[in-house]
Amino acid sequence: MHVKTKWSAREIALMSIVAGLYVAVTWLVAPFAYGQIQLRLSEGFNHLAIFNKRYIIAISIGVFIANLTSPLGIIDVIFGTLGTLVMTSLSYWLAQKVETLWLKLTLSVLIDTVMMWSVALEQYWIFKLPFWLSYGWLAAGEFCSLLIGAILIYFLQKRVDLSN
């Protein structure tokens, strides 16, 4: 089995575009992208990971950059990025085991929503916010963002092959 060690210029460009879009959309809705109640619409890009592993890196870089302005500071840069790396990797891995696009997107929505426990834990440690209340609000916002993203990605995949 051959392990790919280099990305093509096209792949780097695609990764850069996705990372940049993630940052731009996050900062565009910044008042709603951070805090106990979040509607981070850029999380809809997480679904791209089900199509190609390169998007795991692209989205993680986007989260890293976007979280540089997070009220949680460096903790969110580190743990938010690691959480994204884990959730998008899980989504990619599980998506390889199912056939239908809707099921892949559903898995991605569920995994990413459940994984918001890590952000709730950050808020508990830093701001002393109640864990379960924070988790509930974060999971609800994540679910809404991911649902919107899933619908958009579903129709986009009908026109553009996102796996290439």
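No gaps in the numbering here: position 20 of the sequence shown is 20 in full-length UniProt numbering, and each next residue is one more. Even for Gly, the Cβ is constructed at its ideal location relative to N, Cα and C. Just so you know, these numbers come straight off a predicted model, no measurement behind them.
For my contact list, residue i and residue j are in at a C-beta cut-off of 8 Å; report their separation, rounded to the angstrom.
i    : j    : result
N46  : I59  : 6 Å
G149 : G62  : With a Cβ gap of about 13 Å, G149 and G62 do not count as contacting.
S108 : A120 : With 8 Å as the limit, S108 and A120 do not qualify as a contact, their Cβ atoms being about 20 Å apart.
G141 : L21  : With a Cβ gap of about 19 Å, G141 and L21 do not count as contacting.
M115 : V86  : 7 Å
Please report how far the alpha carbon of residue i lies from the alpha carbon of residue j, in whole angstroms.
i    : j    : result
E99  : Y124 : 38 Å
L72  : L90  : 25 Å
P130 : T69  : 23 Å
L105 : W27  : 25 Å
A139 : F32  : 14 Å
L146 : L156 : 15 Å
DSSP three-state label for residue i, please.
i    : result
K104 : helix
R40  : coil
M116 : coil
Y34  : coil
Q157 : helix
Q123 : helix
N52  : coil
V23  : helix
G62  : helix
G141 : helix
E11  : helix
L82  : helix
L94  : helix
Sorted by chain position, which residues of the same chain lie with C-beta nearer than 7 Å to residue i's C-beta, five sequence neighbours on each side aside?
i   : result
D76 : N67, S70 and E122
T84 : I59, S60 and V63
Excluding the 5 residues flanking residue i on each side, which residues of the same chain have their C-beta closer than 8 Å to its C-beta?
i    : result
L48  : V18, Y55, A58, I59, I153 and L162
C144 : L39
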